[in-house]
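In order, the protein sequences belong to chains A and B. Following our numbering, the numbering of the first sequence begins with 791 at its first residue and continues without gaps. Following our numbering, the numbering of the second sequence begins with 7 at its first residue and continues without gaps. Positions of the beta carbon are idealized from the N, C-alpha and C atoms, including for glycine. All of these numbers come straight from a predicted model, not from anything done at the bench. Here the structure is laid out as structure tokens; the discussion comes afterwards.
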Amino acid sequence: GQSLEQPSEVTAVEGAIVQINCTYQTSGFYGLSWYQQHDGGAPTFLSYNALDGLEETGRFSSFLSRSDSYGYLLLQELQMKDSASYFCAWGDSSYKLIFGSGTRLLVRP
Amino acid sequence: NAGVTQTPKFRILKIGQSMTLQCTQDMNHNYMYWYRQDPGMGLKLIYYSVGAGITDKGEVPNGYNVSRSTTEDFPLRLELAAPSQTSVYFCATVDSQETQYFGPGTRLLVL
Numbered sequence: 791g792q793s794l795e796q797p798s799e800v801t802a803v804e805g806a807i808v809q810i811n812c813t814y815q816t817s818g819f820y821g822l823s824w825y826q827q828h829d830g831g832a833p834t835f836l837s838y839n840a841l842d843g844l845e846e847t848g849r850f851s852s853f854l855s856r857s858d859s860y861g862y863l864l865l866q867e868l869q870m871k872d873s874a875s876y877f878c879a880w881g882d883s884s885y886k887l888i889f890g891s892g893t894r895l896l897v898r899p
Numbered sequence: 007n008a009g010v011t012q013t014p015k016f017r018i019l020k021i022g023q024s025m026t027l028q029c030t031q032d033m034n035h036n037y038m039y040w041y042r043q044d045p046g047m048g049l050k051l052i053y054y055s056v057g058a059g060i061t062d063k064g065e066v067p068n069g070y071n072v073s074r075s076t077t078e079d080f081p082l083r084l085e086l087a088a089p090s091q092t093s094v095y096f097c098a099t100v101d102s103q104e105t106q107y108f109g110p111g112t113r114l115l116v117l
């Protein structure tokens, strides 16, 4: 079957670094994406890994290892506004996304 | 650019009623998608389209229909609403960099 596993909740302190892991089981895998969603809002794109390795975009980085079917999102210098849900998603040849169930990040002062 | 727009923002339906959720994009993207998101869950793909006149089923298509007569519009039709269709519905497009752009969503309550 096709599935993605992520932790349901993570709590961290403002200014800290947090890593959100994602493991997947799928076929026809093209890449791993990460999306952020604030309560009541729409998902917004954060990062995409088509190849193994690290992608860095400002305070956010994402990593992919195809051999381990594993990726993670790294958030640095956490801010209160980073409190949100984070979803990993794998994409196929039609750019269809299969989403994980999401990780709720709570940033505390 | 308005991006992806959806109407209505919120709707209450009675069981058995029908409705159409509207989605319009002004980015000239070929690929468009409909997702539903139940509380505390990830998004599930309902239907998608790779261009005008071409649609295909996603993970959870039962109870829904779509059409794509133009590049801009991708409406989602619910024919006989059921309580299980209570959800938030998101329309999305994708660009050449494989980034998906989501509309603001339609909250649907079926009673």
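Taking DSSP as the reference, what is the three-state secondary structure of S837 of chain A?
S837 of chain A falls in the strand class under three-state DSSP.
Are the beta-carbon atoms of N68 of chain B and E85 of chain B separated by less than 8 Å?
No; because the gap between Cβ atoms is not below 8 Å, this pair is not in contact.
What does DSSP give as the partner residues of K50 of chain B in its beta bridges?
The partner list for K50 of chain B (beta bridge, DSSP) reads B:R42.
Do the stretch 54 to 69 of chain B and the stretch 85 to 96 of chain B make contact, defined as three or more Cβ pairs closer than 8 Å?
Because the criterion of three Cβ pairs below 8 Å is met, the stretch 54 to 69 of chain B and the stretch 85 to 96 of chain B touch.
For S870 of chain A, name the three-state secondary structure that DSSP assigns.
At residue 870 of chain A the sequence reads Met, which differs from the Ser that was named. In the structure shown, M870 of chain A sits in a helix (DSSP, three-state: H, G or I).
Kindly say whether A832 of chain A, judged by its beta-carbon, lies nearer than 8 Å to any beta-carbon of chain B.
Yes, its Cβ sits closer than 8 Å to a Cβ of chain B.
List, in order along the chain, the chain B residues whose C-beta lies closer than 8 Å to that of Y838 of chain A?
Ordered by position in chain B, the residues that pass the 8 Å Cβ test against Y838 of chain A are Q103, E104, T105.
Whose CA, out of A:L863, A:Y820, A:S883, A:V808, lies closest to the CA of F877 of chain A?
Checked all of A:L863, A:Y820, A:S883, A:V808; the closest Cα to F877 of chain A is A:L863.
Does any CB atom of chain B fall closer than 8 Å to the CB of K871 of chain A?
Not one chain B Cβ lies under 8 Å of K871 of chain A.
Helix, strand or coil for Q827 of chain A? Go by DSSP, reduced to three states.
Here Q827 of chain A sits in strand by DSSP.
Would K14 of chain B be called buried (16 or more neighbouring beta carbons within 10 Å of its own) or exposed?
Note on residue identity: the sequence assigns Pro, not Lys, to residue 14 of chain B. By the 10 Å Cβ count, P14 of chain B comes out exposed.
With C-beta atoms as the reference, is Y95 of chain B less than 8 Å away from L117 of chain B?
No, Cβ-Cβ distance for Y95 of chain B and L117 of chain B is not below 8 Å.
Identify every run of the beta strand (DSSP E) within the stretch 60 to 98 of chain B, keeping only runs that are complete inside it and at least 3 residues long; order them along the chain.
Whole beta strand (DSSP E) segments, 3+ residues: 60 to 63, 70 to 72, 82 to 84.
Quick check: is the beta carbon of G49 of chain B nearer than 8 Å to any beta carbon in chain A?
Per the sequence shown, the amino acid found at residue 49 of chain B is Leu instead of Gly. Interface residue, yes.
Of all Cβ atoms in chain B, is any one closer than 8 Å to the Cβ of Y885 of chain A?
Y885 of chain A counts as touching chain B.
Does the contact criterion of 3 or more C-beta pairs under 8 Å hold for the stretch 852 to 867 of chain A versus the stretch 805 to 825 of chain A?
These segments touch.
Below 8 Å on C-beta distance, what does Y54 of chain B contact in chain A?
Residues of chain A passing the Cβ test: S884, K886.
First and last residue of the beta strand (DSSP E) that includes I810 of chain A?
Residues 808 to 815.
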